[in-house]
Ligand code: ADP
Ligand code: MG
Ligand code: ZN
């Protein structure tokens with residue numbers, strides 16, 4: 029595969045040999061024309077005032093004739109015999125004139141003033157000729173100059189937008205994608221060994237590389253090679269790194285581009301860039317296209333906030349969808365994409381046949397952090413006291429990028445003190461600096477907050493363990509993930525219908541976090557936002573949709589057609605609304621009291637679990653059974 033063709037990256041097509049500096053040619057031309065115009069305007073004449081003409085020149089009686097041009101400029105010719113006079117010494121004897129000029133406001137006023145002057149001097153009125161002259165230069169300039177300026181401006185913007193640092197620029201290249209092809213001398217040197225801790229993702233990605241290397245192995249059995257793989261996960265978890273590793277290992281042309289590069293200020297560019305990118309990739313198949321930060325183009329279309337301003341992004345997205353549908357299943361082009369905003373992605377992008385593989389990356393846990401530390405400590409000169417396990421255990425919530433940063437920062441600190449090797453103390457300083465620097469990110473957590481989170485999660489776990497109808501618990505963790513500071517994994521039972529008891533137990537389990545906080549710290553925190561949201565929704569559905577409330581009775585205000593939502597009005601009256609609100613409040617309050625009673629009853633176990641969580645970050649089902657005993661099934 030992958031013949032080593034000459035690197036085709038950004039070769040300017042023939043015909044763009046201007047090298048961009050023809051802007052200067054335009055400019056020089058314009059300046060030249062303007063100077064010609066200026067010269068032509070006053071060619072050899074001396075400008076005087078009308079007053080000077082009437083009081084100095086007329087009395088010499090040397091004026092041969094005067095010509096009024098275009099009713100605004102008076103040209104004065106001096107008679108040949110008078111040219112030797114002292115007043116006219118600047119005039120060349122052989123110059124036939126005009127010799128002087130001045131501008132006038134109105135012809136009538138000029139004529140009157142001239143007549144009076146002549147009467148005063150007691151001489152016959154001067155003969156005035158009138159002439160209309162077209163100044164070709166001036167009219168040409170007045171037509172072309174604005175255009176020249178516009179063209180110049182346009183070229184300037186194009187050059188800026190085209191990002192043509194150096195290289196040749198052709199305005200017609202604008203719709204071409206600027207994806208970089210990585211191969212040959214340009215090859216990426218990252219390998220899978222540089223990516224640590226995300227083993228599951230690596231397994232899936234390895235398969236992609238294998239598809240490209242031995243497509244026959246899969247197609248022989250009738251399997252279809254996936255068209256698209258999307259990497260989803262919080263920032264710094266190694267999405268871009270993983271894609272680069274694919275480029276390094278696949279030995280196939282790798283087209284890399286960032287989503288935002290499709291969307292520029294010029295309309296229509298995005299779509300044509302997508303088209304061009306796919307065309308280039310298909311020509312070089314088997315190949316990989318990598319679109320980083322795809323949310324820049326892949327945002328859901330037609331949301332409430334999106335007005336017509338998003339047309340450009342929409343057409344780019346549509347083009348991308350079309351291209352992904354357009355190429356055959358086994359065409360040998362695999363599209364990879366990465367994003368940390370999967371929630372905003374258009375659903376059409378994620379449907380099978382496009383990005384049919386979705387790989388979720390998460391913030392690393394302790395063991396994974398250890399692996400990432402191993403990778404990034406490799407190039408450092410370490411002192412013997414550096415303990416990689418301690419490092420991994422003391423960096424909860426850190427992403428791969430944070431860890432890479434710590435290692436580098438520690439080395440910098442050690443270098444500052446001119447140490448022979450990087451010591452553990454340097455790592456502690458680096459962690460401190462990064463934690464302080466990242467404090468705004470809620471994901472890095474103080475010891476006290478960590479304890480609150482541990483108690484909160486232990487509260488959920490305890491409540492759900494002892495509620496017969498709650499889902500059974502798989503594991504509890506206080507590794508922050510995304511927005512959540514901790515999490516409990518449940519194995520939801522497949523119910524198609526829920527009884528009132530099941531609803532109530534779920535509400536209680538969800539309230540367990542806040543209840544535990546109140547019991548242990550006698551104060552509650554903002555950490556229960558998600559829980560309360562869930563509880564409130566559950567309670568509302570019980571009362572208003574499922575007819576599970578005595579006061580409301582067997583009435584459902586559920587609307588499967590979505591018409592109420594559009595009408596923006598509630599299908600019930602003021603009084604019913606009040607009853608619903610009251611009942612929901614009552615329901616949640618009763619459940620909260622019930623949860624608190626339950627947790628008080630099992631307070632010691634809850635505390636044991638919280639301590640274990642602080643120690644291990646993640647507690648699995650076996651340990652939970654060790655604390656709580658076997659769980660009776662509902
Ligand atoms: P993102 O997911 O935001 O694209 P990157 O892939 O750009 O994150 O990661 C930034 C840097 O963090 C990488 O260049 C690498 O040094 C480090 N890094 C992140 N995740 C890992 C990992 N799993 N293993 C090793 N290094 C990692
Ligand atoms: Mg990235
Ligand atoms: Zn919670």
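Numbering (our numbering), first residue to last: 29 to 662.
Think of the CB as a built atom: it goes at the ideal place given N, C-alpha and C, for glycine as much as any other residue.
A quick note: this is a predicted structure, and the numbers were derived from the prediction, not measured.
Counting of Cβ neighbours within 10 angstroms places residue 540 among the buried residues, the total reaching 16 or more. Under the criterion of beta carbons closer than 8 Å, residue 383 and residue 256 qualify as touching, at roughly 4 Å. DSSP, reduced to helix, strand and coil, places residue 570 within a helical segment of the structure shown.
About 5 Å separates the CB atoms of residue 229 and residue 387; that is less than 8 Å, so the two are in contact. Beta-bridge analysis with DSSP links residue 158 to 96. Unbroken beta strand (DSSP E) stretches of 3 residues or longer found wholly inside the region 233-317: 256-260 and 282-286, given in chain order. DSSP places residue 431 in no beta strand (DSSP E) but in the uninterrupted alpha helix (DSSP H) bounded by 428-444. In this structure, the alpha-carbon of residue 644 lies about 11 Å from that of residue 651.
When C-beta atoms of the region 297-307 are compared with those of the region 340-351, three or more pairs fall below 8 Å, so the two segments count as touching. Going by beta carbons, residue 362 and residue 254 fall inside the 8 Å limit.
In this structure, DSSP gives residue 534 a helical state, which the three-state scheme calls helix. Proximity to residue 625 across 427, 491 and 557 peaks at 491, based on C-alpha coordinates. In the structure shown, residue 373 falls within a strand segment according to DSSP collapsed to helix, strand and coil. Sixteen is the threshold: when 16 or more other Cβ atoms of the shown chains lie within 10 Å of the Cβ of residue 542, as they do, the residue is buried.
Taking the C-beta atoms as reference points, residue 95 is found no nearer than 8 Å to residue 130. Those residues having their beta-carbon less than 6 Å away from any non-hydrogen atom of ligand 2 are, in chain order, 267, 268, 320 and 366.
A buried status is given to residue 427, since no fewer than 16 other beta-carbon atoms sit within 10 Å of its beta-carbon. Residue 567 and residue 612 have their C-alpha atoms spaced approximately 6 Å apart.
In terms of CA proximity to residue 122, 107 leads the group 86, 302 and 107. Beta-bridge pairing by DSSP links residue 320 to 286. Taking 8 Å as the cut-off, the beta carbon of residue 373 is found closer than this to the beta carbon of residue 327. In this structure, residue 503 places its C-beta atom within 8 Å of the C-beta atom of residue 649. Taking C-beta atoms as the reference points, residue 283 and residue 251 fail to come closer than 8 Å.
Exposed is the label assigned to residue 380, since fewer than 16 other Cβ atoms lie within 10 Å of its Cβ. Runs of the alpha helix (DSSP H) lying entirely within the region 110-194 and spanning at least 4 residues, in chain order: 135-149 and 164-189. Within 7 Å of the C-beta of residue 459 there is not a single heavy atom belonging to ligand 1.
Of the heavy atoms belonging to ligand 3, at least one sits nearer than 7 Å to the Cβ of residue 556. Three or more Cβ pairs drawn from the region 556-574 and the region 604-623 lie within less than 8 Å of each other, which places the two stretches in contact. For the 8 Å CB-CB criterion, residue 364 and residue 318 form a contact. Ranked by Cα distance from residue 112, the options 620, 366, 275 and 90 are led by 90. For residue 616, the enclosing alpha helix (DSSP H) stretches over residues 602-629. A Cβ-Cβ contact shorter than 8 Å links residue 276 with residue 218. Cβ-Cβ distances below 7 Å link residue 619 to 532, 535, 536 and 539 in the same chain, with the five nearest sequence neighbours on each side left out; the list follows chain order. If you ignore the 5 residues before and after residue 286, its C-beta comes within less than 6 Å of the C-beta of 320 and 321, all in its own chain and listed in chain order. In this structure residue 314 is buried. Its beta-carbon is surrounded by 16 or more other beta-carbon atoms within 10 angstroms.
A distance below 6 Å between beta-carbons, with the five flanking residues on each side excluded, links residue 263 to the following residues of its chain, in chain order: 368.
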